[in-house]
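Just below is one structure, and these are the notes that go with it.
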Amino acid sequence: MHGSGISIWFFIGVLLAIYGFLICGYGLYEVATGTHANVELWQLHAPVWWGGVMLALGAFYCLRFKPSRG
Amino acid sequence: MSLAMFGPSTGRALTSSLALFLESQRQLAKLSVLDVIVIAVYFAMVIWIGFYLKQKANTSEEFFMAGREMTAWIAGLSFVSANLGSLELMGWAGSAYQYGILAAHWYWIGAIPAMLFLGLVMMPFYYVSKTHSVPGYLKLRFGESSRVLAAVSFGFMTILMSGVNMFAMAVVMKVVLGWDITFSILMSSLAVAVYVTLGGLRSAIFNEVLQFVLIWGGALLVPILGLIEAGGWTKLQANILANYHGLDYTHMWRGLAHFSSNPMGVHWTGIVFGLGFVISFGYWTTDFLVVQRVLAADSLRSAQMAPIIAAAFKMAVPFIVILPGLLGLVILHNPDGTLMHLVGENQVNLQNPHSYNEVLPLMLVRYCGPGLLGLGITALIAGFMSGMAGNVSAFSAVWTYDIYQPLINKTASDKHYVAVGRWATILGVVVSIGTAYLVMHAQGIMDYVQALFSFFIAPLLGTILLGMFWKRATSAGGFCGLLAGTATSISLYVWVKLDHAALSVVAFSPDAKDMAENLYRALWSWVVCVLVTIVVSYFGKARPLAELNGLVYGATVIPNEGPVPLIKNHWFWAAIVIVVFFVLNLIFF
Chain A
0 MHGSGISIWF FIGVLLAIYG FLICGYGLYE VATGTHANVE LWQLHAPVWW
50 GGVMLALGAF YCLRFKPSRG
Chain B
0 MSLAMFGPST GRALTSSLAL FLESQRQLAK LSVLDVIVIA VYFAMVIWIG
50 FYLKQKANTS EEFFMAGREM TAWIAGLSFV SANLGSLELM GWAGSAYQYG
100 ILAAHWYWIG AIPAMLFLGL VMMPFYYVSK THSVPGYLKL RFGESSRVLA
150 AVSFGFMTIL MSGVNMFAMA VVMKVVLGWD ITFSILMSSL AVAVYVTLGG
200 LRSAIFNEVL QFVLIWGGAL LVPILGLIEA GGWTKLQANI LANYHGLDYT
250 HMWRGLAHFS SNPMGVHWTG IVFGLGFVIS FGYWTTDFLV VQRVLAADSL
300 RSAQMAPIIA AAFKMAVPFI VILPGLLGLV ILHNPDGTLM HLVGENQVNL
350 QNPHSYNEVL PLMLVRYCGP GLLGLGITAL IAGFMSGMAG NVSAFSAVWT
400 YDIYQPLINK TASDKHYVAV GRWATILGVV VSIGTAYLVM HAQGIMDYVQ
450 ALFSFFIAPL LGTILLGMFW KRATSAGGFC GLLAGTATSI SLYVWVKLDH
500 AALSVVAFSP DAKDMAENLY RALWSWVVCV LVTIVVSYFG KARPLAELNG
550 LVYGATVIPN EGPVPLIKNH WFWAAIVIVV FFVLNLIFF
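Going down the list, the protein sequences come from chains A and B. Per numbering that gives the first Met the number 0, the very first residue in the first sequence carries number 0; after that it's consecutive. Per numbering that gives the first Met the number 0, the very first residue in the second sequence carries number 0; after that it's consecutive.
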């Protein structure tokens with residue numbers, strides 16, 4: 000969007016980063032403790048890589064579209 | 000495109016699911032603390048956006064048109080997201096399970112050509128006329144009576160549809176998660192009311208873009224993991240063929256030579272002309288719910304590019320909607336290891352507890368543990384909220400600009416109209432909630448409300464097309480055509496309801512099924528609208544050419560925004576989209 004203020008892409012970055020952190024964090028916890036949820040293909044550790052992708056994308060958008068000061 | 004317009008009877012299926020739930024107290028999934036946190040973060044985010052954008056919604060242009068400041072990307076993603084409701088996701092996934100890849104027609108031929116036509120051909124007239132709404136364009140072209148007819152029918156039906164969707168979503172949450180229906184309705188609708196009332200269309204658009212990203216983030220994992228489990232597309236095709244002998248679930252056109260040679264009971268003429276032309280063009284080019292997003296673009300070039308961007312993403316949606324339905328045909332198994340058979344609304348029972356419409360939640364639960372399940376559920380909630388926000392923001396604009404301003408208070412201040420818009424938003428949500436409860440207590444009316452919405456789309460397309468491309472069309476012609484087309488649609492619907500044998504007349508074949516009735520009814524009502532408009536116009540006096548500037552092809556000078564590099568040229572991107580469209584249809588022919 001034009002003009003000053005917070006870009007929608009920044010909001011999206013924040014949300015993706017939070018979700019990525021939570022989901023990837025849970026996935027790593029599963030890997031570290033050897034526990035896993037009762038789902039199919041749990042051995043692929045989808046939360047780790049899916050959460051990781053979301054965290055990376057979110058971080059990129061947060062940095063790229065962070066609101067300018069002043 | 001709304002499933003309700005011509006899709007399988009989602010209402011009855013959901014009602015059956017609810018009845019069974021109440022009987023068995025089952026639920027598909029149980030949320031963990033992490034899932035609840037994921038959902039709570041989403042709600043916090045949308046409310047934050049609403050409060051943040053309140054400061055940017057002070058004038059009517061800002062509140063109703065988002066200041067006409069949206070870039071092509073934002074307008075385009077919002078355009079496609081406003082249509083991508085959760086009922087749409089689950090309903091079409093269920094249709095894919097039931098009918099196979101035929102369901103993808105509603106995403107490809109039923110959307111792409113129309114979206115490109117809107118961007119390349121129609122958008123200049125909407126944009127140059129500086130109209131605030133589609134009924135507003137009708138006023139400029141055909142006069143007040145056509146505007147009021149279109150505005151009242153659109154406003155009324157938009158709110159009713161919003162309520163129907165709200166109830167259906169609450170039923171889904173009850174079946175999947177065991178949530179209380181009132182809790183689901185109030186939680187989602189209040190959040191929508193807050194952020195749309197505060198930030199207007201800009202807030203609705205921002206949230207729709209956010210929701211679009213969420214829908215992909217939450218739903219994309221299912222087909223990826225599903226394809227891994229199925230062993231890839233080729234193996235999936237082979238297994239479907241092995242499990243369902245003789246039925247072609249993976250080709251889009253081969254079975255359409257005759258009504259009886261495909262599970263939908265449709266013919267290719269119905270798909271191409273009924274769906275691909277009348278219904279698709281009617282919805283994507285005249286339904287103000289989606290057109291409003293593009294009208295908010297910051298320039299004509301952005302307004303033309305937005306539907307093309309939207310079309311590119313729309314083509315990809317079958318990957319997260321249709322593919323999970325197809326995967327469900329071979330992957331879903333009962334606890335005893337036998338293949339699970341999802342059934343139609345009339346066959347849901349304790350032996351076959353899941354209906355077609357549950358295929359997406361079932362696939363979600365199959366692969367998604369804590370966190371990811373919350374993300375998937377958030378995607379469904381986001382889909383519902385984006386659809387509802389689209390409804391109430393469009394209702395608010397049409398109510399204020401096309402009903403309140405011309406009929407009730409013509410001379411109020413800009414500030415007054417913004418206040419009216421905010422109250423209209425709240426009113427829209429309240430009426431939607433009321434409709435949801437009405438449907439809950441008299442569920443038979445759900446399908447009628449859904450059918451009502453389809454009555455206006457096809458004739459409106461005839462009126463708008465003739466208005467835009469035929470200088471001779473008169474005000475009386477436009478109004479009479481719209482009225483006659485709508486009356487035809489209603490009459491055919493009632494005729495088939497009273498005498499099901501009439502379907503063979505409406506759809507030209509004794510083998511036609513309900514889906515074909517929707518397609519051919521639209522075609523008939525469009526033809527009647529066009530014929531009546533032409534005949535009545537020839538009996539009247541056409542408007543002088545000078546009055547049609549900015550409204551009609553041939554009488555309008557389209558502003559030239561100067562040369563742009565190929566990479567920013569909308570014709571170039573439209574050409575790429577249409578090539579991909581043909582390639583996809585050939586691959587899955």
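We treat Cβ as the ideally placed atom computed from N, Cα and C, and that holds for glycine.
Check                                                                                                                                                                         : Outcome
For residue 146 of chain B and residue 162 of chain B, which I take to be in contact (beta-carbon distance under 8 Å), what is that distance rounded to the nearest angstrom? : Not confirmed; about 25 Å, so no contact.
Can you give me the C-alpha to C-alpha distance between residue 567 of chain B and residue 573 of chain B, rounded to a whole angstrom?                                       : 11 Å
Do we get a CB-CB distance below 8 Å when we pair residue 27 of chain B with the residues of chain A?                                                                         : no
What is the DSSP secondary structure of residue 22 of chain B, reduced to helix, strand or coil?                                                                              : Any answer about residue 22 of chain B is weak, because its pLDDT of 47 lies below 50 and its placement is not dependable; what the coordinates show is given next. Correct three-state label for residue 22 of chain B: helix.
What are the complete alpha helix (DSSP H) segments, minimum 4 residues, inside the segment 81-152 of chain B?                                                                : 85-98, 111-116, 122-127 and 133-141
Could you tell me which of B/214, B/76 and B/138 sits nearest to residue 475 of chain B, measuring between CA atoms?                                                          : B/138
Within 8 Å, do at least three Cβ pairs link the segment 53-73 of chain B to the segment 188-208 of chain B?                                                                   : yes
Just the Cα atoms here: how many angstroms apart are residue 351 of chain B and residue 14 of chain A?                                                                        : 39 Å
So residue 365 of chain B contacts chain A; which residues on that side make the cut at Cβ distance below 7 Å?                                                                : 38 and 39
Using a 10 Å radius around the Cβ and a threshold of 16 neighbouring Cβ atoms, would you call residue 411 of chain B buried or exposed?                                       : exposed
Output, in chain order, the set of chain A residues within a Cβ distance shorter than 8 Å of residue 44 of chain B.                                                           : 10, 13 and 14
So what does DSSP say about residue 54 of chain A, is it helix, strand or coil?                                                                                               : helix
Can you pull the chain A residues whose beta carbon is under 8 Å from the beta carbon of residue 208 of chain B, in chain order?                                              : 7 and 11
Going by alpha carbons, who is nearest to residue 77 of chain B out of B/202, B/148 and B/96?                                                                                 : B/202
At which residues does the alpha helix (DSSP H) containing residue 589 of chain B begin and terminate?                                                                        : Outside the modelled stretch of chain B, which goes from 0 to 588, sits residue 589 of chain B, for which no answer is possible.
List the residues that DSSP assigns as beta-bridge partners of residue 332 of chain B.                                                                                        : B/338
Would you tell me roughly how many angstroms separate the C-alpha atoms of residue 156 of chain B and residue 481 of chain B, rounded to the nearest one?                     : 16 Å
Which parts of the segment 362-422 of chain B are runs of the alpha helix (DSSP H), unbroken and 4 residues or longer, counting only runs that do not cross its ends?         : 371-397
Between residue 128 of chain B and residue 556 of chain B, what straight-line distance do the alpha-carbon atoms span, to the nearest angstrom?                               : 11 Å
Return helix, strand or coil for residue 259 of chain B, following the three-state DSSP convention.                                                                           : helix
From residue 483 of chain B to residue 57 of chain A, what does the alpha carbon distance come to, in whole angstroms?                                                        : 52 Å
Please confirm if residue 46 of chain A has its CB atom under 8 Å from at least one CB of chain B.                                                                            : yes
Return the residue from the list B/183, B/294, B/513 and B/537 that minimises the CA-CA distance to residue 380 of chain B.                                                   : B/183
Terminal residues of the continuous alpha helix (DSSP H) containing residue 243 of chain B?                                                                                   : Taken as a continuous stretch (DSSP letters only), residue 243 of chain B belongs to no alpha helix (DSSP H), as it is neither H nor E.
Please name the residues in the segment 208-235 of chain B whose beta-carbon is closer than 7 Å to at least one beta-carbon of chain A, in chain order.                       : 208, 209, 212, 216, 220, 224, 227 and 228
Measure from the alpha carbon of residue 87 of chain B to the alpha carbon of each residue in B/160, B/61, B/33 and B/34, then state which is nearest.                        : B/160
In whole angstroms, what is the alpha-carbon distance linking residue 35 of chain B and residue 373 of chain B?                                                               : 7 Å
Pop quiz: residue 111 of chain B and residue 270 of chain B are said to be a contact at Cβ under 8 Å. What is the actual Cβ separation, rounded to whole angstroms?           : Not confirmed; about 13 Å, so no contact.
Taking 8 Å as the cut-off, decide whether the C-beta atoms of residue 220 of chain B and residue 16 of chain A are in contact.                                                : no
Just confirm the distance between the C-beta atoms of residue 132 of chain B and residue 291 of chain B, as a whole number of angstroms; I'd bet it's less than 8 Å.          : 7 Å
Taking the straight line between their C-alpha atoms, what separation do you get for residue 569 of chain B and residue 268 of chain B?                                       : 30 Å
How many angstroms separate the CA atom of residue 67 of chain A from the CA atom of residue 190 of chain B?                                                                  : 29 Å
For residue 208 of chain B, count the other beta carbons within 10 Å of its own beta carbon; 16 or more makes it buried, fewer makes it exposed. Which is it?                 : buried
Within the 8 Å Cβ cut-off, does residue 308 of chain B reach chain A?                                                                                                         : no
Please report the straight-line C-alpha distance between residue 365 of chain B and residue 337 of chain B, rounded to a whole angstrom.                                      : 16 Å
Kindly indicate which three-state DSSP category residue 354 of chain B falls into: helix, strand or coil?                                                                     : strand
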